[in-house]
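The numbering used here numbers the first residue of the sequence shown as 578 and each following residue consecutively. To keep things clear, I will list the structure first and then write my remarks on it.
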Amino acid sequence: MKPLFQNHECLSEQDIRDYLNEKLTDERRFYMENHLLDCPLCSDAVEGYEWMEVTPVLSTNTPDVQPVKVIDFQRSFWMRAAAALALLLVALFGMYQLKGTDDQQLFADSYASYESDLSVLVRGTDAQPKPPVQPDLEAAALAYEQQDFEASIVAFEKYLENDPDNQLVRFHLGVAQLEVNQLEHAIDNLSRVLEYSKTYQREAGWYLGLALLKNGKRAKATEVMEALIALGPGRYYEEAKRLHNKL
Numbered sequence: 578m579k580p581l582f583q584n585h586e587c588l589s590e591q592d593i594r595d596y597l598n599e600k601l602t603d604e605r606r607f608y609m610e611n612h613l614l615d616c617p618l619c620s621d622a623v624e625g626y627e628w629m630e631v632t633p634v635l636s637t638n639t640p641d642v643q644p645v646k647v648i649d650f651q652r653s654f655w656m657r658a659a660a661a662l663a664l665l666l667v668a669l670f671g672m673y674q675l676k677g678t679d680d681q682q683l684f685a686d687s688y689a690s691y692e693s694d695l696s697v698l699v700r701g702t703d704a705q706p707k708p709p710v711q712p713d714l715e716a717a718a719l720a721y722e723q724q725d726f727e728a729s730i731v732a733f734e735k736y737l738e739n740d741p742d743n744q745l746v747r748f749h750l751g752v753a754q755l756e757v758n759q760l761e762h763a764i765d766n767l768s769r770v771l772e773y774s775k776t777y778q779r780e781a782g783w784y785l786g787l788a789l790l791k792n793g794k795r796a797k798a799t800e801v802m803e804a805l806i807a808l809g810p811g812r813y814y815e816e817a818k819r820l821h822n823k824l
C-alpha cells in the first residue's frame with residue numbers, strides 16, 4: 578500500500594527553466610504539475626520566474642540573450658536634482674541682474690548733483706566780504722564747484738584732519754565721493770552727518786539713501802527714505818516719497 582502523502586523533492590532551477598520552456602517529457606511534466614499542486618513554494622517560484630521573465634536570462638543555450646539593463650535610480654535622482662538646481666541658479670542670477678539694473682536706473686532717475694553751499698566761504702557776498710578761509714577748505718570748495726570731485730575729495734579730507742567735527746565739510750565730502758563712485762566712503766561720511774548734524778539731516782538722508790541704492794543695498798535705502806519721509810514736509814520730502822514708492 579502506498580503512503581497517502583508522498584514526499585516530493587522540491588524543483589530545481591533547471592526544472593523550472595525546462596518546465597517553462599516546455600522541454601520536459603509528458604511523464605516528468607505530469608510529475609511536476611502534481612508537485613506544484615502540493616507545494617506552494619515551488620508554485621510561487623514558477624510564477625515568479627514567469628512574471629519577471631528571467632528565464633531567457635538564465636538560459637545558457639539561448640544565443641541572442643541581451644543583458645538586463647540596471648537603472649541606477651540614485652544616480653538618476655541626483656542628476657535630475659543637479660539639473661534643477663542649475664536652472665534655479667540661472668533664474669536667481671537673472672533676477673539679481675534685473676534687480677541690480679533696476680536699482681541703477683532708479684538711482685540715475687533720482688540723482689542730481691548737489692549745488693555747493695561753500696561758495697560764500699570762497700567768494701563772500703555783497704553784504705559780507707569774503708571771510709578768512711583755511712587754504713585746504715578754499716581749494717576743496719573751488720574744486721567742488723568746478724566738478725573736479727577727485728581734487729575736492731583730497732582737499733576735504735586734508736581739511737577734516739584738523740576739523741573732524743565739521744559736518745558741513747563732511748557732507749560735501751560724502752557727496753563728492755558719491756559722484757566718483759566711492760560708495761562705501763560716501764555711505765560712511767553721509768551716515769555720520771545724518772547722525773550728528775541736525776542742519777543737514779534731510780540732505781544727508783537723501784544722498785545717503787541714493788548711495789545705498791547705487792551700492793545695491795535697497796532694503797537699507799528704503800529705511801533711510803522712510804526716515805526722511807517721517808520728518809514731514811521739507812527739503813527732499815517729495816523726492817523721497819516718489820523714490821520710496823518705486824522701491
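For every residue, glycine included, the Cβ atom is placed at its ideal position computed from N, Cα and C.
Backbone CA spacing between residue i and residue j [nearest angstrom]
| i | j | result |
| --- | --- | --- |
| G751 | N822 | 25 Å |
| G782 | H749 | 13 Å |
| E590 | A658 | 42 Å |
| L760 | S768 | 12 Å |
| E734 | S687 | 27 Å |
| V631 | D615 | Unreliable positioning characterises V631 in this predicted model, as indicated by a pLDDT of 49, which lies under 50. The coordinate reading is nonetheless provided below. When rounded, the distance between both Cα atoms is 24 Å. |
| V623 | D603 | 18 Å |
| S620 | C587 | 10 Å |
| K818 | Y773 | 24 Å |
| N766 | D725 | 19 Å |
| Q741 | M656 | Rather than Gln, the amino acid found at residue 741 in this sequence is Pro. So the two alpha carbons sit approximately 60 Å from each other. |
| S696 | V746 | 12 Å |
| L613 | E599 | 15 Å |
N-terminal and C-terminal residue of the alpha helix (DSSP H) that residue i is part of
| i | result |
| --- | --- |
| N792 | Per DSSP, N792 belongs to no alpha helix (DSSP H) and is neither H nor E. |
| D595 | 590–597 |
| R747 | 744–756 |
| Y813 | Taken as a continuous stretch (DSSP letters only), Y813 belongs to no alpha helix (DSSP H), as it is neither H nor E. |
| P712 | 712–722 |
| S768 | 760–773 |
| E734 | 726–737 |
| Y608 | 603–615 |
Residue environment, residue i, which counts as buried when at least 16 other CB atoms sit within 10 Å
| i | result |
| --- | --- |
| Y721 | buried |
| Q744 | buried |
| V757 | exposed |
| A798 | buried |
| R605 | exposed |
| L664 | exposed |
| A718 | buried |
8 Å Cβ shell around residue i - same chain, five flanking residues per side excluded
| i | result |
| --- | --- |
| G811 | R779 |
| A804 | G782 |
| F684 | L787, L790, K791 |
| D680 | L790, K791, G793, R795 |
| Y813 | R779, E780, G782, W783, L805 |
Supposed contact pair residue j and residue i - C-beta distance, whole angstroms, cut 8 Å
| i | j | result |
| --- | --- | --- |
| M609 | L601 | 7 Å |
| Y736 | L714 | 5 Å |
| A788 | L755 | 5 Å |
| L808 | L785 | With a Cβ gap of about 14 Å, L808 and L785 do not count as contacting. |
| A753 | I730 | 5 Å |
Close Cβ partners of residue i (< 7 Å) along its chain, the five nearest in sequence each way excluded
| i | result |
| --- | --- |
| A728 | A720 |
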